[in-house]
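Numbering (this note's numbering), first residue to last: 2 to 184. By construction, the Cβ of each residue, glycine as well, lies at the ideal position given by its N, Cα and C atoms. Please read all numbers here as calculations on a predicted model, not as lab measurements. What follows is a single structure, written as structure tokens, with notes after it.
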Amino acid sequence: MAASNMEARRAWVVRVLGIEVPLVAAAPEATDAPTSASALRAAEADAISKAGGGVAYAKLRLRWDGALKAAQANLAQFGQKMLGHKEAAAFKDREALEDAVRNLSQLLPDFGSTLADLLDAAHQAGADEKPGLKAKAVEAIDDYRQKLADEPELAELERTFLGPIGVYAEMEAALDELRQRLA
2 MAASNMEARR AWVVRVLGIE VPLVAAAPEA TDAPTSASAL RAAEADAISK AGGGVAYAKL
62 RLRWDGALKA AQANLAQFGQ KMLGHKEAAA FKDREALEDA VRNLSQLLPD FGSTLADLLD
122 AAHQAGADEK PGLKAKAVEA IDDYRQKLAD EPELAELERT FLGPIGVYAE MEAALDELRQ
182 RLA
């Protein structure tokens with residue numbers, strides 16, 4: 002493996018996880034793309050069908066909750082891949098690496114509950130209240146999209162030396178889908 006490639010990987014870990022890692026010559030392990038997002042989408046679709054089709058706002062809430070769970074699951078999966086990687090064995094400060102892995106979920110912005118609350122309210126609201134709640138939900142989605150854009154480390158997780166980690170893409174796709182359905 003070229004030294005520049007190893008240095009790029011080390012720089013990525015330093016930048017994204019905030020820890021120094023030694024340069025170790027090791028071939029990257031073959032990895033499959035995470036399946037967490039697809040498994041959670043299947044569970045979401047099953048929940049929607051069991052609810053008898055449900056109301057549109059309840060479906061949107063399920064989609065948002067599913068995206069959050071998928072992102073968290075994909076971050077956890079990435080952490081396990083990192084801890085199990087050959088180069089992790091050569092890492093002298095294992096505790097720092099384990100702390101960084103435990104804190105991976107902090108890479109996700111704190112979206113708060115505004116969108117979920119608005120979707121729940123729209124689900125329960127009368128026909129005359131729905132347009133205002135819908136407009137507020139679109140504003141919340143735009144705010145969430147900006148929070149996501151303000152986290153460049155998440156976009157970098159889409160192309161790691163351990164394979165793709167579907168966090169940014171999952172969140173972005175969910176927010177785009179919600180906005181399209183509400184607009």
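According to DSSP, residues forming a beta bridge with THR161: Partner(s): GLY164.
Counted within 10 angstroms of its Cβ, other Cβ atoms place ALA101 as buried (16 or more) or exposed: The residue is buried, with at least 16 neighbouring Cβ atoms inside 10 Å.
Cβ contact check for the stretch 161 to 179 and the stretch 63 to 74: 3 or more pairs under 8 angstroms: yes
Residue range of the unbroken alpha helix (DSSP H) whose run includes LEU176: 169 to 183
Same chain, Cβ closer than 7 angstroms to TYR58, five either side skipped, listed in chain order: Counting only Cβ-Cβ distances below 7 angstroms, and skipping sequence neighbours, we find LEU120, ALA123, HIS124.
Among LEU179, GLY167, ALA184, nearest to LEU109 - alpha-carbon criterion: GLY167
Secondary structure of GLU152, DSSP reduced to three states: DSSP places GLU152 in the coil class of the three-state scheme, outside both helix and strand.
Enclosing alpha helix (DSSP H) for GLN73 [first to last residue]: 57 to 85
Simplified DSSP state of LYS137, which is helix, strand or coil: helix
Residue range of the alpha helix (DSSP H) that includes ASP100: 95 to 103
Range covered by the alpha helix (DSSP H) that runs through LEU109: The continuous stretches of alpha helix (DSSP H) do not include LEU109, and DSSP gives it neither H nor E.
Cβ shell of LYS51 (< 6 angstroms), same chain only, five flanking positions each side left out: With a pLDDT of 42 at LYS51, under the threshold of 50, the predicted position of this residue should be treated as unreliable, though the coordinate-derived value follows. For LYS51, where only same-chain residues beyond five positions count, there are no Cβ hits under 6 angstroms.
Per-residue burial, GLY127 [other beta carbons within 10 Å of its own, 16 or more giving buried]: Burial call: exposed.
Collapsed DSSP secondary structure at ALA126 in the structure displayed: Coil, per DSSP.
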